[in-house]
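Novice: Using full-length UniProt numbering, you'd call the opening residue of the sequence shown number 1 and step up by one each time.
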Amino acid sequence: MITDIHSLDPNGTYTYADYLKWRFDEQVEIIKGKIYRMSPAPKMVHQWVSGQLSYILRTHFDGKPCTIFEAPFDVRLPIGNDRFPEKIYTVVQPDICVICEESKLDEDGCLGAPDLIVEITSTSTYKKDFNEKFNWYEKAGVREYWIAIPSEKAIQVYYLENDQYQLGGIYDKSPAQSVIFEGFEAELEKVFR
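Listed below in structure tokens is the structure:
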């Protein structure tokens, strides 16, 4: 068991098996074996946007076979069929995720790609959300990825086509619309303050 994040090698490569042994206060994610510290406590605007989008998602999916989860919720993204903890090099905690295959859910969270992931950017997460997470979610097969940008009061929607993300739209005035979930949209004036 490791109780101090400083005892880890910042240049090391880690797996979900390692992650399960950590007992320190800092929240972290592992992307391709590398440790990323998460923001200590989200700002008010982040929590507002998260709450609004979660509510809109829950309302839309009520009675449908999809489940909505908010961070902290572990999403393990294995490569191929490597499902053993020592073979999983990516564990993330998306701000919001929608999972429509119940078989991906277990007592530890989600094993496999959610159908939809929403990340809410801040100055400290912008690069990670648009680069590392974008690339890894694409590779892992997350069918749709929404990036909410509170500072711009905008949402960018990407959807997976032929194993690559395509831009579904940049919404800063009209409602953000899902590509894969027919009829799902989020009115920006309800999402942002």
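Even glycine gets a Cβ: it sits at the ideal position worked out from N, Cα and C.
(1) Is it right to say Ala-140 is buried, meaning 16 or more other beta carbons lie within 10 angstroms of its own, or is it exposed?
(2) Here's the rule I'm using: 16 or more other beta-carbon atoms within 10 Å means buried, otherwise exposed. How should Asp-18 be labelled?
(3) Beta-carbon separation of Ile-31 and Thr-90 under 9 Å?
(4) Excluding the five sequence neighbours on either side, which residues of its own chain have a C-beta within less than 6 Å of the C-beta of Trp-22, listed in chain order?
(5) Just to check my reading of the structure: Pro-72 and Gln-93 have Cβ atoms closer than 8 Å, yes? What is that Cβ distance to the nearest angstrom?
(6) With three or more beta-carbon pairs closer than 8 Å as the criterion, would you say the stretch 132-146 touches the stretch 177-192?
(7) Taking C-alpha atoms, which residue in Val-157, Gln-164, Phe-184 lies nearest to Asp-172?
(8) Please identify the residue among Glu-26, Ile-170, Thr-67, Ile-96 whose C-alpha is closest to the C-alpha of Glu-102.
(9) Use the C-beta contact count for Glu-119: other C-beta atoms within 10 angstroms, 16 or more gives buried, fewer gives exposed.
(10) Thinking Val-28 and Met-44 are a contact (beta carbons under 8 Å), I'd like their distance in whole angstroms, please.
(11) Return the chain-ordered list of same chain residues with a C-beta closer than 7 Å to the C-beta of Phe-192, the five sequence neighbours on each side being excluded.
(12) List the whole-angstrom C-beta distance separating Pro-65 from Cys-100, where the pair is believed to meet the contact cut-off of C-beta under 8 Å.
(13) With distances taken Cα to Cα, identify the nearest neighbour of Tyr-14 among His-6, Glu-86, Glu-185.
Specialist: Looking at the coordinates:
(1) If you draw a 10 Å sphere on the C-beta of Ala-140, you find 16 or more other C-beta atoms in it, and that means buried.
(2) Per the 10 Å Cβ criterion, buried.
(3) In terms of Cβ geometry, Ile-31 and Thr-90 form a close pair [threshold 9 Å].
(4) Result list for Trp-22: Ile-2, in chain order.
(5) Indeed they touch by this definition, with Cβ atoms about 5 Å apart.
(6) Yes, they touch.
(7) The option with the nearest alpha carbon to Asp-172 is Val-157.
(8) Glu-102 has its Cα closest to that of Thr-67, out of Glu-26, Ile-170, Thr-67, Ile-96.
(9) So Glu-119 counts as buried.
(10) The C-beta separation of Val-28 from Met-44 comes to about 23 Å, leaving the pair out of contact by the 8 Å criterion.
(11) Excluding residues within five positions, the ones whose Cβ falls inside 7 Å are Val-49, Pro-150, Lys-153.
(12) The C-beta distance from Pro-65 to Cys-100 rounds to 6 Å, short enough to meet the 8 Å contact threshold.
(13) Taking only the C-alpha atoms, the option nearest Tyr-14 is Glu-86.
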